[in-house]
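Residue numbers (our numbering), protein chains in the order written: chain V, 1356 to 1525; chain C, 874 to 1038.
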């Protein structure tokens, strides 16, 4: 039963604007998500994560003293992180290409541009549930697979163990 | 023969780490998230949050106007306004803030200093539309379009100047 499943979900909202936090909470409430914690920056959010379980994070990008990028990186790579696999949705008005790439490289699962709509938020949630992504660990990165798809023309470099299964040696 | 290097990445498939819900629950949850009933309820929620969001936009507008010629601060506040205004129902304000962000972002990418007059005109228009209770007047729409064209012209002029120098 969907309602019951939503009630079990624990979500953390990290956003410095109180109005946006309230809106996100209300939207999550509207589908039956009740267990919602809030933090106004990345640093406070990390403290909250150490105290309580969290199944999903919605975070803003620009915050002080710790922004959403550093927060995401810490969640993914800190030895003290309670759940490095937790889905992270970054919700921000900063939609420049380099920001999106920074978010991707920080280990963000989905990127959602403000202004948000209910449809855009819920479609990201559904995406995370229906199509969970593999995680990749390299010397410099840990997070969701950044290759959404591999183009047929991709000629390498081949750095993954499972890449070898797909490559036809000619 | 494809170029191959020693594999350095470890791939962890989704079934090897904890998921939000069981596979049986997932389809039902996604259906709920995409349902018409959910959309209607959520739209009402956004409408009910409108006044608070409009307050937030007006707060950012005041900060934008106070930023003066500090371009970093102007851009930071413009991004915040772009993020809130449309959700708050302030469509013209959102559109003009979006235009300002795009103009400054593109100027930065091309190594051009944004034209102070173009920035000032956008800031002024954002202030006026944010205080206008009628959020989608024809005049606001015209202003947004004119400013977008002005920003486009200025970028084109800067490109020509850079090419010729």
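Ideal placement from N, C-alpha and C gives every residue a C-beta, glycine not left out.
Classify residue i as helix, strand or coil using the three-state DSSP reduction.
| i | result |
| --- | --- |
| residue 1522 of chain V | Note that residue 1522 of chain V has pLDDT 44, beneath the 50 cutoff, so the model's placement of it is unreliable and the number below is only indicative. Looking at residue 1522 of chain V - three-state DSSP - the assignment turns out to be coil, as it is neither helix nor strand. |
| residue 887 of chain C | helix |
| residue 1465 of chain V | strand |
| residue 1447 of chain V | strand |
| residue 950 of chain C | helix |
| residue 1492 of chain V | strand |
| residue 1387 of chain V | coil |
| residue 894 of chain C | coil |
| residue 1033 of chain C | helix |
| residue 1417 of chain V | coil |
| residue 881 of chain C | strand |
| residue 1434 of chain V | coil |
| residue 1356 of chain V | Confidence at residue 1356 of chain V is low in this model, with a pLDDT of 48, below 50, so its placement is unreliable and the value that follows should be read with caution. Coil, per DSSP. |
So, is residue i buried or exposed, given that buried needs 16 or more other C-beta atoms within 10 angstroms?
| i | result |
| --- | --- |
| residue 987 of chain C | buried |
| residue 1498 of chain V | buried |
| residue 971 of chain C | buried |
| residue 1020 of chain C | buried |
| residue 1449 of chain V | buried |
| residue 1397 of chain V | buried |
| residue 1012 of chain C | exposed |
| residue 1456 of chain V | exposed |
| residue 1524 of chain V | In this prediction, residue 1524 of chain V scores a pLDDT of 41, lower than 50, which makes its location untrustworthy; the coordinate-derived value is nonetheless stated afterwards. Exposed: under 16 other Cβ atoms inside 10 Å. |
Starting from residue i, trace the alpha helix (DSSP H) in both directions and tell me its first and last residue.
| i | result |
| --- | --- |
| residue 1440 of chain V | Note, residue 1440 of chain V: premise wrong, no alpha helix (DSSP H); not H, not E. |
| residue 865 of chain C | This structure cannot settle anything about residue 865 of chain C, because the visible part of chain C is limited to 874 through 1038. |
| residue 1498 of chain V | It is not in any alpha helix (DSSP H) - residue 1498 of chain V instead sits in the beta strand (DSSP E) that spans 1497 to 1499. |
| residue 986 of chain C | Careful: residue 986 of chain C lies outside any alpha helix (DSSP H) and carries neither H nor E. |
| residue 1372 of chain V | Taken as a continuous stretch (DSSP letters only), residue 1372 of chain V belongs to no alpha helix (DSSP H), as it is neither H nor E. |
| residue 1399 of chain V | 1397 to 1406 |
| residue 1483 of chain V | 1473 to 1485 |
Ends of the beta strand (DSSP E) at residue i?
| i | result |
| --- | --- |
| residue 1412 of chain V | 1411 to 1414 |
| residue 1365 of chain V | 1365 to 1369 |
* Return the residues of the stretch 1450 to 1461 of chain V that lie within a Cβ-Cβ distance of less than 9 Å from chain C, sorted by chain order. => Answer in chain order: 1450, 1451, 1452 and 1453.
* Asked: Going along the chain, which residues of the stretch 986 to 1014 of chain C sit with their C-beta nearer than 8 Å to a C-beta in chain V?
  -> Close to chain V, meaning a Cβ-Cβ distance shorter than 8 Å, is no residue of the stretch 986 to 1014 of chain C at all.
* Asked: Counting only runs that start and end within the stretch 923 to 974 of chain C, where is the alpha helix (DSSP H) found for 4 or more residues in a row?
  -> 923 to 939 and 944 to 958
* **Interfacial residues, the stretch 937 to 959 of chain C to chain V, with Cβ spacing under 9 Å** => Cβ contacts with chain V: 949, 951, 952, 953, 954, 955, 956, 957, 958 and 959.
* Asked: Using a beta-carbon distance cut-off of less than 8 Å, what residues from the stretch 883 to 895 of chain C approach chain V?
  -> 883, 884, 885, 886, 887, 890, 891, 892, 893 and 894
* Residues, ordered as in the chain, of the stretch 1410 to 1427 of chain V that lie near chain C by beta-carbon distance below 8 Å -> 1410, 1411 and 1417
* Asked: Which residues, in order along the stretch 906 to 920 of chain C, keep a beta-carbon less than 7 Å from a beta-carbon of chain V?
  -> Only 906, 907, 911, 912, 914, 915, 916, 918 and 919 from the stretch 906 to 920 of chain C bring a Cβ to less than 7 Å from some Cβ of chain V.
* Please name the residues in the stretch 1367 to 1400 of chain V whose beta-carbon is closer than 9 Å to at least one beta-carbon of chain C, in chain order. => Those would be 1372, 1373, 1374, 1375, 1377, 1378, 1381, 1382, 1384, 1385, 1386 and 1387, in chain order.
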